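*Asks:* Just passing along the structure, written as structure tokens.
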Amino acid sequence: MSNEELGSGIGGAWDWESKVRKSQTTTNKKRSKSNGLLFSVGTTTMSAVAPASDEDPGERVMSNNTGDFYTGEWSDSFPHGHGKYLWTDGCMYVGEWHKGKTLGKGKFSWPSGATYEGQFKNTFMDGKGTYTGSSGDTYRGYWLRNFKHGHGTQSYSNGDYYEGEWRRGLQDGHGRYQWKNGAHYVGQWRNGLMHGNGSMILANGNRHDGSWEEGLPSGEEGEREALSADFGHCKVCLCERIPVFPSQKLVNWSVGEAGTRPRRMSVDGRRVGNFSKESVDGRHKLFSSTRPVSRQGITISKGHKNYELMLNLQLGIRHSVGRPAPTTSLDLRSSAFDPKEKVWTKFPPEGSKYTPPHSSCDFRWKDYCPVVFRALRKLFKVDPADYMISICGNDALRELSSPGKSGSFFYLTNDDRYMIKTMKKAEVKVLLRMLPAYYKHVRAFENTLVTKFYGLHCVKLTGATQKKVRFVIMGNLFCSEYTIHRRFDLKGSSHGRLTGKPESEIDATTTLKDLDLNYLFRLQKVWFRDFCRQVDRDCDFLEQERIMDYSLLVGLHFRESSCQEPVMSQEGNDPDDQPGPRLSRADMDKLLVDPSRLAPIRLGIRMPARAERTVRRSDYEAQLVGEPTGELYDIILFFSVIDILQDYDISKKLEHAYKSFQYDATSISAVDPKQYSKRFRDFIFRIFVEDT
Numbered sequence: 001m002s003n004e005e006l007g008s009g010i011g012g013a014w015d016w017e018s019k020v021r022k023s024q025t026t027t028n029k030k031r032s033k034s035n036g037l038l039f040s041v042g043t044t045t046m047s048a049v050a051p052a053s054d055e056d057p058g059e060r061v062m063s064n065n066t067g068d069f070y071t072g073e074w075s076d077s078f079p080h081g082h083g084k085y086l087w088t089d090g091c092m093y094v095g096e097w098h099k100g101k102t103l104g105k106g107k108f109s110w111p112s113g114a115t116y117e118g119q120f121k122n123t124f125m126d127g128k129g130t131y132t133g134s135s136g137d138t139y140r141g142y143w144l145r146n147f148k149h150g151h152g153t154q155s156y157s158n159g160d161y162y163e164g165e166w167r168r169g170l171q172d173g174h175g176r177y178q179w180k181n182g183a184h185y186v187g188q189w190r191n192g193l194m195h196g197n198g199s200m201i202l203a204n205g206n207r208h209d210g211s212w213e214e215g216l217p218s219g220e221e222g223e224r225e226a227l228s229a230d231f232g233h234c235k236v237c238l239c240e241r242i243p244v245f246p247s248q249k250l251v252n253w254s255v256g257e258a259g260t261r262p263r264r265m266s267v268d269g270r271r272v273g274n275f276s277k278e279s280v281d282g283r284h285k286l287f288s289s290t291r292p293v294s295r296q297g298i299t300i301s302k303g304h305k306n307y308e309l310m311l312n313l314q315l316g317i318r319h320s321v322g323r324p325a326p327t328t329s330l331d332l333r334s335s336a337f338d339p340k341e342k343v344w345t346k347f348p349p350e351g352s353k354y355t356p357p358h359s360s361c362d363f364r365w366k367d368y369c370p371v372v373f374r375a376l377r378k379l380f381k382v383d384p385a386d387y388m389i390s391i392c393g394n395d396a397l398r399e400l401s402s403p404g405k406s407g408s409f410f411y412l413t414n415d416d417r418y419m420i421k422t423m424k425k426a427e428v429k430v431l432l433r434m435l436p437a438y439y440k441h442v443r444a445f446e447n448t449l450v451t452k453f454y455g456l457h458c459v460k461l462t463g464a465t466q467k468k469v470r471f472v473i474m475g476n477l478f479c480s481e482y483t484i485h486r487r488f489d490l491k492g493s494s495h496g497r498l499t500g501k502p503e504s505e506i507d508a509t510t511t512l513k514d515l516d517l518n519y520l521f522r523l524q525k526v527w528f529r530d531f532c533r534q535v536d537r538d539c540d541f542l543e544q545e546r547i548m549d550y551s552l553l554v555g556l557h558f559r560e561s562s563c564q565e566p567v568m569s570q571e572g573n574d575p576d577d578q579p580g581p582r583l584s585r586a587d588m589d590k591l592l593v594d595p596s597r598l599a600p601i602r603l604g605i606r607m608p609a610r611a612e613r614t615v616r617r618s619d620y621e622a623q624l625v626g627e628p629t630g631e632l633y634d635i636i637l638f639f640s641v642i643d644i645l646q647d648y649d650i651s652k653k654l655e656h657a658y659k660s661f662q663y664d665a666t667s668i669s670a671v672d673p674k675q676y677s678k679r680f681r682d683f684i685f686r687i688f689v690e691d692t
């Protein structure tokens, strides 16, 4: 592969990156001569074993106590130049480095035998490159942040071949697919399926020129069935899943004790770098902003107990969203909300007329009220392609431990945009019962704070187990370019509303509770007025639906005194070095076209505000709201009303009666919806105040 070839391709991506990245002035890079330099990979510390040559002090051979190994050029306490890194799991990178990151031409290999050779940018496969899978599948073409994106060719191990346009990992645009048996399709694609105008020519000469919808010929039902019978055996192969992306293996490097510099202070008294932050009880704890905030959850890879469930979920979502459907109107008939309005689809491993072959187990898939949730996604301005790619793309989901007492499992998409929660049958019944009122409410109030629901589904495993898993798909409030430094789950009750973790275990991903709260939130006048009105509307709605036990989820991003723009860093720093989640893929695509099209500020999302620190009186431990101290911090605020599927059923009534004998009846969460609504509002309007 020539350097000229590697330098070409996806001009839009390069233009975008040049706009986002600040220009850096050229400096003389002084090569380090110390044999005792330290650098970290994730949480492991690497130390220099010996220079590779006395004549070249820039060469280093590095190892650590986990067995990882680096050899190559070295500058300013970072791998810089050409070098090789070998992980203990067998992954290896050989190529160019820039300040501790893979950038330029390189080769990454996996223990399975898969390889990628081509361009890297900030640890991502980005530019022109070739991926050869362990099964023999080969892709040659352009990449954008780990995705096949632009023009490329895919050779499949079964003999099939595709050449054409790709978008975020799937065939999209104009392309030609050649089957091993001689049949081929030339035309338009969307989301990995034939969609738009195109021509299908079979090996026997039979031909169909016309329009296609989601992989099937369009037209009248009878005509479609006849054409599907002719062309149904021409299945598009799925691309091999990349085991783990190089960007997931290569994280930011940080300098050890010898190379640290004094850090400036932030507006709330913390140090930028290693700094201490006063805790709820007045103690201090270390909190580092130079390290990336660890991503929550465990990636569901092959061998994980829920791996097949994830595959089933992704197959089902792709089927539901990609299924041809008439244009969705927001004016729905009452029949669309009928709880019996559900669609079962069989997914045999060998595939069927309507489903692709797959490597998972035999299962059945259920869509609840599909027309309603399609309308909700449209109402919430969710692009179907973005939605499907986020959940069903090449990336695996991440499983979170349950933060509550429900026992539900939570899953996050790799881009952090969507959260998937498993549900009890009772919760499904509550959602279906309140769905007409919920739809009416969110349609009437665009700035509603209640949880946004995008889909309700069920996976039923066939065979001896007959296991059913019901789940709902929701938006993730904290998917943002801002790092969430503190998060709170607030109900307005005091019993059991204190985090039981020791101070040493509390970090930016810990969800704190009412008695942990040590801030008042000051909103600008116009925002405060809108906030109060919307909280009243949402609480009225939940009270009417007999819902209780909901809470306000709040996230805080502390703004630095000299950082007005969260995406751009200080001069000479890379924006990818900033901690926390990066831009979502949808926002990436928006920036490729127009860098100004980031999501706007709205009620509960990216709101500028001020936080005032409070302290509680030591003689009154159950004091919900502390006394203000006058210490004010500039923050970016996120909040939403969550957990809105608990009605005041017999179990909650019994819980209320039982706990009322032991504790103050007003301090417990399980109370009548009317009382709950009043208590919740009173508390929220005490901690959210107008900034004067």
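Start counting the sequence shown at 1; every next residue gets the next number (the UniProt record's numbering).
We treat Cβ as the ideally placed atom computed from N, Cα and C, and that holds for glycine.
Since the structure is predicted, the reported quantities are computational estimates derived from the model, not experimental observations.
DSSP three-state call for Ser134: helix, strand or coil?
*Replies:* Indexing the sequence shown from 1 puts residue 134 at position 134. Three-state result, Ser134: coil.
*Asks:* Please look up how many angstroms separate the CB atoms of Met474 and Lys440, rounded, as I've assumed it's under 8 Å.
*Replies:* For the purposes of this step, residue 474 is identified with residue 474 of the sequence shown, where counting begins at 1. For the purposes of this step, residue 440 is identified with residue 440 of the sequence shown, where counting begins at 1. Wrong, their Cβ atoms sit about 19 Å apart, outside the cutoff.
*Asks:* Which full runs of the beta strand (DSSP E) of 3+ residues lie inside the region 378-416, going along the chain?
*Replies:* Within the region 378-416, the complete beta strand (DSSP E) runs of at least 3 residues are 398-400 and 410-412.
*Asks:* Taking 8 Å as the limit between beta carbons, can you name the residues of its chain near Thr684, skipping five residues before and five after?
*Replies:* Within the sequence shown, the letter at position 684 stands for residue 684. Note that residue 684 corresponds to Ile in the displayed sequence, not to Thr. Hits under 8 Å: Leu490, Gly492, Val535 and Leu552.
*Asks:* Label Arg470 either buried or exposed according to how many other C-beta atoms from any shown protein chain fall within 10 Å of its C-beta, with 16 as the threshold for buried.
*Replies:* For this step, residue 470 is matched to residue 470 along the sequence shown. Buried.
*Asks:* Grouping DSSP H, G and I as helix and E and B as strand, with all else coil, what is residue 718?
*Replies:* Any property of residue 718 remains undetermined from this structure, which presents the chain solely from 1 to 692.
*Asks:* Quick one: measure Cβ to Cβ for Tyr93 and Pro246, integer angstroms, because I've assumed they're closer than 8 Å.
*Replies:* Translated into the one-based positions of the sequence shown, residue 93 becomes position 93. Translated into the one-based positions of the sequence shown, residue 246 becomes position 246. That belief holds up - the Cβ atoms of Tyr93 and Pro246 are roughly 7 Å apart, short of 8 Å.
*Asks:* I believe Phe688 touches Tyr633 by the beta-carbon criterion, under 8 Å. Please report the beta-carbon distance rounded to the nearest angstrom.
*Replies:* As a position in the sequence shown, residue 688 is number 688, starting the count at 1. As a position in the sequence shown, residue 633 is number 633, starting the count at 1. Rounded, the Cβ-Cβ distance is 15 Å, inconsistent with contact.
*Asks:* Where do the N-terminal and C-terminal ends of the alpha helix (DSSP H) with Trp527 fall, by residue?
*Replies:* As a first step, residue 527 must be located in the sequence shown, where it is residue number 527. Residues Lys525 to Gln544.
*Asks:* Look at the alpha carbon of Trp110 and the alpha carbon of Gly159, and state the distance between them as a whole number of angstroms.
*Replies:* The residue given as residue 110 occupies position 110 in the sequence shown. The residue given as residue 159 occupies position 159 in the sequence shown. Cα-Cα distance, rounded: 23 Å.
*Asks:* Report all residues from its chain with a CB closer than 6 Å to the CB of Asp682; omit the five preceding and five following residues, and keep chain order.
*Replies:* As a position in the sequence shown, residue 682 is number 682, starting the count at 1. Cβ neighbours of Asp682 beyond the five flanking positions: none.
*Asks:* By Cβ distance, which residues of its chain are closer than 8 Å to Ser320, with the 5 residues on each side in sequence left out?
*Replies:* In the sequence shown, counting from the first residue as 1, residue 320 sits at position 320. The answer, listed in chain order, is Trp365, Asp367, Pro370, Gly455 and His457.
*Asks:* If we count the other Cβ atoms within 10 Å of its Cβ and call it buried at 16 or more, is Asp89 buried or exposed?
*Replies:* Residue numbering aside, residue 89 sits at position 89 when the sequence shown is read from its first letter. Classification of Asp89: exposed, given that the 10 Å Cβ count is below 16.
*Asks:* How far does the beta strand (DSSP E) with Ser218 in it reach, from first residue to last?
*Replies:* Within the sequence shown, residue 218 is the residue found at index 218, counting from 1. Counting along the chain, Ser218 falls outside any beta strand (DSSP E), and DSSP gives it neither H nor E.
*Asks:* Have a look at Pro243 and Asp643 and give me their C-alpha separation to the nearest angstrom.
*Replies:* Locating residue 243 in the sequence shown gives position 243, where the first residue counts as 1. Locating residue 643 in the sequence shown gives position 643, where the first residue counts as 1. Taking the straight line joining both Cα atoms gives about 34 Å.
*Asks:* Measuring only the C-alpha atoms, how far is residue 693 from Gln296?
*Replies:* A query on residue 693 cannot be resolved here, the shown segment of the chain reaching from 1 to 692 and no further.
*Asks:* Looking at the strands, I want to know which residues DSSP matches up with Tyr161.
*Replies:* As a first step, residue 161 is located in the sequence shown; it is residue number 161 there, counting from the start. Tyr161 is bridged to Ser155 and Gln178.
*Asks:* Short of 7 Å in beta carbon distance, which residues of its chain neighbour Leu412, apart from the five on each side in sequence? Order them along the chain.
*Replies:* Numbered from 1 along the sequence shown, position 412 holds the residue referred to as residue 412. Excluding positions up to five away in sequence, the list reads Gln296, Gly297, Leu397, Arg398, Leu400, Met419 and Asn476.
*Asks:* Please report the residue range of the alpha helix (DSSP H) in which Glu427 lies.
*Replies:* As a working mapping, residue 427 is identified with position 427 in the sequence shown. Counting along the chain, the alpha helix (DSSP H) containing Glu427 begins and ends at Lys425 to Ala444.
*Asks:* Mind checking whether Leu193 and Glu163 have CB atoms under 8 Å apart?
*Replies:* By 1-based counting over the sequence shown, the position of residue 193 is 193. By 1-based counting over the sequence shown, the position of residue 163 is 163. Not closer than 8 Å, so no.
*Asks:* Compare the Cα-Cα distances from Asn518 to each of Arg486, Tyr648, Gln524 and Met434 and report the closest residue.
*Replies:* Taking the first residue of the sequence shown as position 1, residue 518 is located at position 518. Ranking the options by Cα distance to Asn518, first place goes to Arg486.
*Asks:* Taking contact to mean 3 or more Cβ pairs, one atom from each stretch, closer than 8 Å, check whether the region 347-356 and the region 426-441 are in contact.
*Replies:* No, the region 347-356 does not touch the region 426-441.
*Asks:* Is it the case that the region 527-546 contacts the region 509-517, given that we only count it when at least three CB pairs across the two stretches are under 8 Å?
*Replies:* The region 509-517, when compared against the region 527-546, does not touch it at the 8 Å Cβ threshold.
*Asks:* In its own chain, which residues sit with a C-beta less than 7 Å from the C-beta of Gly133, not counting the 5 before and 5 after it?
*Replies:* Reading the sequence shown from its first residue, position 133 is the one you call residue 133. Closer than 7 Å at Cβ, skipping near neighbours: Ala114 and Glu240.
*Asks:* CB-CB under 8 Å to Ser408, same chain, minus the five flanking residues each way: which ones, in chain order?
*Replies:* On the sequence shown, residue 408 is found 408 positions in, with the first residue counted as 1. If we look at Ser408 and ignore the five residues flanking it on each side, its Cβ neighbours are Ser402, Lys421, Thr422, Met423 and Lys424.
*Asks:* How would you call Trp344, buried or exposed, if buried means at least 16 neighbouring beta carbons within 10 angstroms?
*Replies:* Taking the sequence shown and counting its residues from 1, one reaches residue 344 at position 344. Classification for Trp344: exposed.
*Asks:* Could you check where the beta strand (DSSP E) with Lys107 kicks off and where it finishes?
*Replies:* As a position in the sequence shown, residue 107 is number 107, starting the count at 1. Counting along the chain, the beta strand (DSSP E) containing Lys107 begins and ends at Lys101 to Ser109.
*Asks:* 8 Å is my cut-off, CB to CB: does Leu313 come that close to chain B?
*Replies:* The chain inventory of the structure shown lacks chain B, comprising one protein chain alone.
*Asks:* Ignore the nearest five residues each way along the sequence and tell me which others in Lys674's own chain have a CB closer than 7 Å to its CB.
*Replies:* Within the sequence shown, the letter at position 674 stands for residue 674. Excluding residues within five positions, the ones whose Cβ falls inside 7 Å are Glu543.
*Asks:* For Phe478, collect the residues of the same chain with a Cβ closer than 8 Å to its Cβ; drop the 5 residues on either side in sequence, then sort them by chain order.
*Replies:* Within the sequence shown, residue 478 is the residue found at index 478, counting from 1. So the list reads Asp416, Ile484, Arg487, Gly555, Pro581 and Phe638, once near-sequence residues are dropped.
*Asks:* Is Arg559 helix, strand or coil when you go by DSSP?
*Replies:* Residue 559 sits at position 559 when you count from the first residue of the sequence shown. Looking at Arg559 - three-state DSSP - the assignment turns out to be coil, as it is neither helix nor strand.
*Asks:* Counting only the same chain and skipping the five closest in sequence on each side, list residues whose C-beta sits under 7 Å from that of Asn191.
*Replies:* Translated into positions along the sequence shown, residue 191 becomes position 191. Leu170, Asp172, Gly322, Ala385 and Met388, listed in sequence order.
*Asks:* Cα-Cα, which of Lys249, Gly210 and Gln154 is closest to Cys237?
*Replies:* Residue numbering aside, residue 237 sits at position 237 when the sequence shown is read from its first letter. Of the candidates Lys249, Gly210 and Gln154, the one whose C-alpha sits nearest the C-alpha of Cys237 is Gln154.
*Asks:* In whole angstroms, what separates the C-alpha of Gly100 from that of Trp87?
*Replies:* What you label residue 100 is simply residue 100 of the sequence shown in a count that begins at 1. What you label residue 87 is simply residue 87 of the sequence shown in a count that begins at 1. Their backbone Cα atoms lie some 15 Å apart in a straight line.
*Asks:* Would you kindly work out how many angstroms separate the C-alpha atoms of Ser301 and Leu144, rounded to a whole number?
*Replies:* The count along the sequence shown starts at 1 and reaches residue 301 at position 301. The count along the sequence shown starts at 1 and reaches residue 144 at position 144. The alpha-carbon atoms of Ser301 and Leu144 are separated by roughly 23 Å.
*Asks:* Starting from Phe639, trace the alpha helix (DSSP H) in both directions and tell me its first and last residue.
*Replies:* Position 639 of the sequence shown, counted from the start, is the residue given in the question as residue 639. Element bounds for Phe639: not the alpha helix (DSSP H) but the beta strand (DSSP E), Glu627 to Ile642.
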